[in-house]
Ligand SMILES: Cc1cc2nc3c(=O)[nH]c(=O)nc-3n(C[C@H](O)[C@H](O)[C@H](O)COP(=O)(O)OP(=O)(O)OC[C@H]3O[C@@H](n4cnc5c(N)ncnc54)[C@H](O)[C@@H]3O)c2cc1C
Ligand SMILES: [Zn+2]
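Protein chains in written order, with full-length UniProt numbering: chain A, 1 to 91; chain B, 1 to 419.
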């Protein structure tokens with residue numbers, strides 16, 4: 001499996017560290033909404049199919065990126081810097 | 001009623017050219033209605049059905065399996081059976097499971113090739129030796145067996161290991177003698193045959209496509225590729241498909257689905273008597289009765305529903321094998337496969353009632369659910385029959401994630417690919 005790093009180009013997946021589903025967003029640090037924290041920490045949709053997920057190019061430029069990948073086929077459809085994704089990129 | 005298997009029957013059949021064997025279980029069409037429908041005919045689903053019938057007298061039960069028995073993880077694992085956990089909630093449960101394994105062949109009248117050859121965890125640093133001593137003490141306090149082996153003892157008992165490698169010298173080991181291996185798909189067949197004899201219907205090639213509920217949310221049945229089946233109780237035991245099948249009932253879970261590979265070499269004369277694990281690289285190896293070395297290591301590391309791994313983990317596993325047993329470097333791999341794992345956020349399994357009345361959940365077995373098969377069936381049957389957790393499995397409830405009672409045996413936090 002090759003992961004396209006927006007900075008370095010397509011690199012072997014073993015250069016990257018996997019974090020998982022990119023959608024859960026951490027509640028504000030001063031939030032005492034227990035349900036929101038439990039949800040953020042533990043609960044996932046865990047789809048079979050295309051998902052957006054966070055990888056870090058630890059063996060390269062060290063950027064956090066969001067990869068569009070299919071969990072049923074391992075096909076990779078694209079990626080962007082996590083910062084761009086958070087600022088409302090197409091991710 | 002099918003006959004008991006015995007040495008006399010084997011002799012008789014040998015003389016008759018094996019013409020008298022009958023199918024070990026029936027192949028029924030689904031009935032209109034069952035008291036309980038178990039989704040998933042892996043080890044856990046079949047064990048649950050067996051204990052429902054045997055321990056709770058509930059025999060109007062169907063096990064609905066989308067493929068064939070033994071086609072899921074129960075037939076894909078590296079067959080290691082052990083009870084060397086440390087957290088009380090896990091320890092109690094796996095200890096009961098191992099005790100059930102010990103009488104299982106007689107109880108099921110089926111040869112499971114259960115082999116208590118011992119599981120040896122190797123320690124490579126002083127810290128690991130201390131950690132294993134702590135674990136061994138916890139195991140012994142709980143009444144299970146554990147011994148600390150010195151490097152000399154290990155050299156005498158397991159001579160094929162590289163004990164003085166410069167990077168990962170072996171400093172000692174934790175030996176769990178009652179651990180070992182069992183024939184994986186045999187366990188599915190043994191439970192299937194025993195459950196069938198008690199009246200359970202095992203329905204293969206039948207996929208559950210929907211879970212039906214009434215306006216109050218209560219379970220009323222399942223829809224399958226062989227038609228609708230009515231029931232008030234549905235027990236999910238679908239291992240690597242837990243997230244997806246639970247979604248049919250609107251359940252979102254603390255689970256990510258991952259991929260694990262396993263390997264077996266060509267057969268050779270006996271060179272390894274125990275199950276050995278290599279703590280420096282997370283690697284485990286044993287020798288099957290056919291002579292092949294069976295081994296595996298970590299998850300591929302990313303979410304996946306393909307039972308098909310990638311090459312970096314093949315390389316990693318081969319490297320670990322070579323660090324531990326350089327003598328096997330010329331062996332060829334005979335087969336290599338993958339399975340889909342329901343990894344929980346704390347690395348421990350779930351046996352639980354749910355907020356949906358009539359829906360029961362058994363899942364999140366990560367890559368350690370084979371050893372749990374008897375204990376899981378035992379506790380899950382109780383949960384379904386009585387609508388409450390079994391005391392032995394009570395800490396494995398789903399609501400532990402909401403109440404801060406996670407069982408994080410590895411201490412790695414809510415990151416499934418690290419467990
Ligand atoms: C490579 C590998 C190595 C492993 N090594 C070990 C080990 O050494 N020791 C250990 O203890 N554990 C090990 N495990 C884990 C262990 O195999 C599993 O945790 C355990 O087998 C899961 O329970 P099961 O047997 O019920 O699962 P399965 O056999 O997977 O049963 C689940 C069944 O549900 C069926 N199903 C799914 N969806 C549907 C549906 N919609 N309708 C009907 N049926 C459905 C599937 O077809 C499947 O047959 C390993 C797993 C793998 C993949
Ligand atoms: Zn990069």
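The beta-carbon is built from N, C-alpha and C at its ideal position, and this holds for glycine as well.
Because the structure is a prediction, the values reported are computed rather than measured.
Say whether chain B places a C-beta atom closer than 7 Å to the C-beta of residue i.
i: residue 14 of chain A; result: yes
i: residue 76 of chain A; result: no
i: residue 10 of chain A; result: no
i: residue 50 of chain A; result: no
i: residue 18 of chain A; result: yes
i: residue 38 of chain A; result: yes
i: residue 81 of chain A; result: no
i: residue 62 of chain A; result: no
Taking the alpha carbon of residue i as the reference point, which residue from the options has its own alpha carbon closest?
i: residue 387 of chain B; options: B/357, B/407, B/305 and B/372; result: B/357
i: residue 85 of chain A; options: A/73, A/68 and A/75; result: A/68
i: residue 245 of chain B; options: B/265, B/216 and B/211; result: B/211
i: residue 31 of chain B; options: B/123, B/203, B/6 and B/389; result: B/203
i: residue 352 of chain B; options: B/119, B/332, B/214 and B/378; result: B/378
i: residue 50 of chain B; options: B/255, B/355 and B/188; result: B/188
i: residue 51 of chain A; options: A/57, A/9, A/19 and A/7; result: A/19
i: residue 46 of chain A; options: B/164, B/120, B/195 and B/251; result: B/251
i: residue 422 of chain B; options: B/313, B/63, B/360 and B/17; result: Given a span of 1 to 419 for chain B in the structure shown, any question on residue 422 of chain B remains unanswerable.
i: residue 178 of chain B; options: B/98, B/68 and B/13; result: B/98
i: residue 62 of chain B; options: B/29, B/93 and B/54; result: B/29
i: residue 209 of chain B; options: B/125, B/65 and B/406; result: B/65
i: residue 389 of chain B; options: B/89, B/154, B/293 and B/39; result: B/89
i: residue 190 of chain B; options: B/262, B/199, B/219 and B/110; result: B/110
i: residue 4 of chain B; options: B/201, B/128 and B/22; result: B/22
i: residue 10 of chain A; options: A/87, A/82 and A/78; result: A/78
i: residue 16 of chain A; options: A/41, A/76, A/34 and A/61; result: A/61
i: residue 184 of chain B; options: B/117, B/112 and B/157; result: B/112
i: residue 100 of chain B; options: B/157, B/196, B/165 and B/373; result: B/373
Is residue i helix, strand or coil by DSSP?
i: residue 91 of chain A; result: Residue placement at residue 91 of chain A cannot be trusted, given a pLDDT of 44 that sits under 50; what the coordinates show is reported in the next sentence. It is coil, neither helix nor strand.
i: residue 29 of chain B; result: coil
i: residue 12 of chain B; result: helix
i: residue 84 of chain A; result: helix
i: residue 68 of chain A; result: strand
i: residue 152 of chain B; result: helix
i: residue 19 of chain A; result: strand
i: residue 1 of chain B; result: Interpretation of residue 1 of chain B is limited by its pLDDT of 44, a score under 50 that renders its predicted location unreliable; the figure taken from the coordinates is listed afterwards. Of the three classes helix, strand and coil, the one that applies to residue 1 of chain B here is coil, per DSSP.
i: residue 254 of chain B; result: coil
i: residue 200 of chain B; result: coil
i: residue 412 of chain B; result: coil
i: residue 140 of chain B; result: helix
i: residue 395 of chain B; result: helix
i: residue 101 of chain B; result: helix
i: residue 4 of chain A; result: strand
i: residue 205 of chain B; result: coil
i: residue 178 of chain B; result: coil
If you follow the alpha helix (DSSP H) that residue i is in, where does it begin and where does it stop?
i: residue 345 of chain B; result: That residue, residue 345 of chain B, is in no alpha helix (DSSP H); it is neither H nor E in DSSP.
i: residue 402 of chain B; result: 400-403
i: residue 322 of chain B; result: 311-324
i: residue 55 of chain A; result: No alpha helix (DSSP H) contains residue 55 of chain A, which is instead part of the beta strand (DSSP E) from 50-56.
i: residue 383 of chain B; result: 373-386
i: residue 242 of chain B; result: 242-247
Where does the unbroken beta strand (DSSP E) through residue i begin, and where does it stop?
i: residue 9 of chain A; result: 9-12
i: residue 123 of chain B; result: 119-123
i: residue 460 of chain B; result: As shown, chain B starts at 1 and ends at 419. That puts residue 460 of chain B outside it, with no answer to give.
i: residue 58 of chain B; result: Element bounds for residue 58 of chain B: n/a, residue is neither H nor E.
i: residue 227 of chain B; result: 227-230
With a threshold of 7 Å between beta-carbons, can residue i be considered close to chain A, or not?
i: residue 307 of chain B; result: no
i: residue 255 of chain B; result: yes
i: residue 367 of chain B; result: no
i: residue 312 of chain B; result: yes
i: residue 401 of chain B; result: yes
i: residue 417 of chain B; result: yes
Within 6 Å: the Cβ of residue i and any heavy atom of ligand 3?
i: residue 119 of chain B; result: Ligand 3 is not part of this structure, which contains only ligand 1 and ligand 2.
Closer than 7 Å from C-beta to any heavy atom of ligand 2: which residues, in chain order?
Neighbourhood of ligand 2, defined by CB distance below 7 Å to any of its heavy atoms: A/5, A/7, A/8, A/11, A/57, A/60, A/61 and A/63, in chain order.
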